[in-house]
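I have placed the structure first, in the form of structure tokens, so that the comments after it can refer back to it.
Numbering (the numbering used here), first residue to last: 422 to 564.
Printed below as a string of structure tokens:
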């Protein structure tokens, strides 16, 4: 039996995902802002990117992204260099240290989620496991 998507389901998912993100995010950014962690993840997943692309993706002004990238570069997490396709543009690239920091952040978040999962009944854990493929489709990931 197929159920139509409802505004109530969308609203409930939104509320639960935000609550989970907040619960996990309180402990899981390794000293980085959420935006900084998101930029590092974008560079890890999408390769070197222009400042303008990163600013648009994070919904921040270009000068704000430039400031953030300067801080990440100072901390050794990002390197900036010329764009081979356009010498006027700058590309940001994640460094090995940036990749390590992201790995540490992901492990910290996973530990928080693991502890919360351990508090659930086996049936609830099974229901969440069964929902993972649907959540992947919802986020546009290939299942």
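Glycine included, each C-beta is placed from N, C-alpha and C at the ideal position. Fair warning: this is a prediction, and the values are worked out from it, not measured in the lab.
Would you list the residues sitting across from residue i in a DSSP beta bridge?
{"i": "residue 502", "result": "512"}
{"i": "residue 507", "result": "504"}
Nearest to residue i by alpha carbon, out of the options?
{"i": "residue 492", "options": "552, 439, 460", "result": "460"}
{"i": "residue 467", "options": "515, 563, 533", "result": "515"}
{"i": "residue 453", "options": "438, 498, 465", "result": "498"}
{"i": "residue 525", "options": "442, 458, 444", "result": "458"}
{"i": "residue 463", "options": "520, 506, 484", "result": "520"}
{"i": "residue 570", "options": "532, 503, 430", "result": "Outside the displayed span of the chain (422 to 564) sits residue 570, for which this structure offers no information."}
{"i": "residue 442", "options": "502, 559, 465, 534", "result": "534"}
{"i": "residue 552", "options": "427, 428, 434", "result": "434"}
{"i": "residue 481", "options": "455, 504, 495, 549", "result": "455"}
{"i": "residue 511", "options": "545, 543, 494", "result": "494"}
{"i": "residue 517", "options": "500, 527, 506", "result": "500"}
Using a C-beta cutoff of 8 Å, does residue i count as contacting chain C?
{"i": "residue 429", "result": "Considering every chain present, this structure includes no chain C. It has just one protein chain."}
Quick check on residue i: does DSSP put it in helix, strand or coil?
{"i": "residue 541", "result": "coil"}
{"i": "residue 496", "result": "coil"}
{"i": "residue 560", "result": "coil"}
Worksheet item: What beta strand (DSSP E) runs, 3 residues minimum, are completely inside the stretch 423-485?
Response: none
Worksheet item: Between the stretch 429-449 and the stretch 462-481, do at least 3 Cβ pairs fall closer than 8 Å?
Response: no
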